[in-house]
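See structure below.
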Amino acid sequence: MDRFAICIILACFLVIPSPSKAQGIFHGGMYGTMGMPTTEMKRSIFGEKNFPGLGGGVNVLVNPKGRGLFSPVHLGAEFNYIYLGKEKIDASPTYPPLKTNYNFVTVGPIIRYFPFEKEEGFTPFFDGGFGWKILSTSTQFDDTLLETIINGEEAVQLMSTKFGGLGLNLGVGFFNRQLPKEGEPNTASFYMKILYQYGDTINFVERGSIQVDNLGNFSYQTGRTKTSMIILQIGLALH
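For our numbering, count along the sequence shown from 1 and bump the result up by 1285.
Structure below.
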């Protein structure tokens, strides 16, 4: 995960309110994600590798009517990070074997609609949103995390790219609302959402195109692809 993704995750955790302030005003979620790209993106980014992207995310929403009042519409923001796999690079005269990680980040505002007023149990909802997406790569030495720790090294980033664009998404989901125990202001519930994200066409680094010359300079080829995908989120709703 690149530094941009880490910063966004930390920021989202900071804005999720503490339990003493969250009852009836805020709710949020922490979840794992599985991204299934549409045919064009799958062919462009994954090549012959046939597996979904995996990652995680957070969201936080606000009840505009305030504490203790039901509002069918909540406003908030959502962040998703999806790891799209890696590409191996053979050793060169200047570097040992390298690897390039492909990362996909989306962040933006969302609107959540609750069709029913529910204090407990199965609580469905519909989401709509738009925002920014970044398809990035980071190239570094082909060491595992354990090898990096044992050798006392840092994960040095030798090259990175970032290509951005805009996207829209629609989703449907539910959480199994649990009433908080006596003396506790809020609780956590099982949460699941599936959404379709439409992404416009952006640049990407083609797999197998990164080259290192005898002076240690990097070069690569770029392609163009739509960034639409189906995303499944499973985790905890905090309310």
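Note that CB positions come from ideal geometry on N, CA and C, so glycine has one too. Predicted, not measured: the structure shown is a model, and the values here were computed from it.
For residue i, three-class secondary structure by DSSP
i: PHE1331; result: helix
i: THR1323; result: coil
i: LEU1443; result: strand
i: GLY1406; result: strand
i: TYR1368; result: strand
i: LEU1346; result: strand
i: GLN1482; result: strand
i: ASP1498; result: coil
i: ASN1471; result: coil
i: ALA1522; result: strand
i: ASP1375; result: coil
i: LYS1511; result: strand
i: LEU1354; result: coil
i: ASP1412; result: strand
i: TYR1505; result: coil
i: ILE1395; result: strand
i: ILE1310; result: coil
i: GLN1425; result: strand
i: PHE1459; result: strand
Check whether residue i and residue j have beta carbons under 8 Å apart
i: GLN1367; j: THR1318; result: Before going further, note that residue 1367 is Ile rather than Gln in the sequence given. A contact, by the Cβ cut-off of 8 Å.
i: ASN1386; j: LYS1371; result: yes
i: GLU1363; j: GLY1414; result: yes
i: TYR1398; j: PRO1357; result: yes
i: GLY1313; j: LEU1523; result: yes
i: SER1329; j: THR1510; result: yes
i: ASN1454; j: GLN1482; result: yes
i: LEU1360; j: PHE1311; result: no
i: ASP1427; j: LYS1478; result: no
Sequence-distant residues of its chain with Cβ nearer than 6 Å to residue i (five each side left out)
i: GLN1227; result: Nothing in the structure corresponds to residue 1227, since the chain is present only between 1286 and 1524.
i: PRO1322; result: MET1514
i: ASP1412; result: ILE1395, ARG1397 and GLY1456
i: PHE1355; result: GLU1402
i: LEU1369; result: ILE1330, GLY1338, TYR1387 and PHE1389
i: ALA1376; result: PRO1382
i: LYS1306; result: Any reading at LYS1306 is ruled out, since the residue's pLDDT is 37, under 50, leaving its predicted position unreliable.
Own chain, CB closer than 7 Å to residue i, minus 5 neighbours either side, in chain order
i: GLY1450; result: LYS1418, GLY1484, ASP1485, ILE1487 and THR1512
i: GLY1406; result: ASN1461 and ARG1462
i: SER1494; result: TYR1505 and GLN1506
Nearest-angstrom Cβ-Cβ length linking residue i and residue j, presumed shorter than 8 Å
i: PHE1489; j: TYR1476; result: Not confirmed; about 31 Å, so no contact.
i: LEU1521; j: SER1474; result: 7 Å
i: GLY1456; j: LEU1480; result: 3 Å
i: PHE1410; j: GLY1340; result: Contact doesn't hold; Cβ gap of about 22 Å is too wide.
i: THR1391; j: GLY1351; result: 29 Å between Cβ atoms; not a contact.
Sequence-distant residues of the same chain with beta carbon closer than 8 Å to residue i, five excluded per side
i: GLU1325; result: THR1510, LYS1511 and SER1513
i: GLU1404; result: ARG1462 and LEU1464
i: PHE1336; result: GLY1370
**Study point:** Cβ pair count under 8 Å reaching 3, the stretch 1495-1503 against the stretch 1374-1383
**Key:** yes
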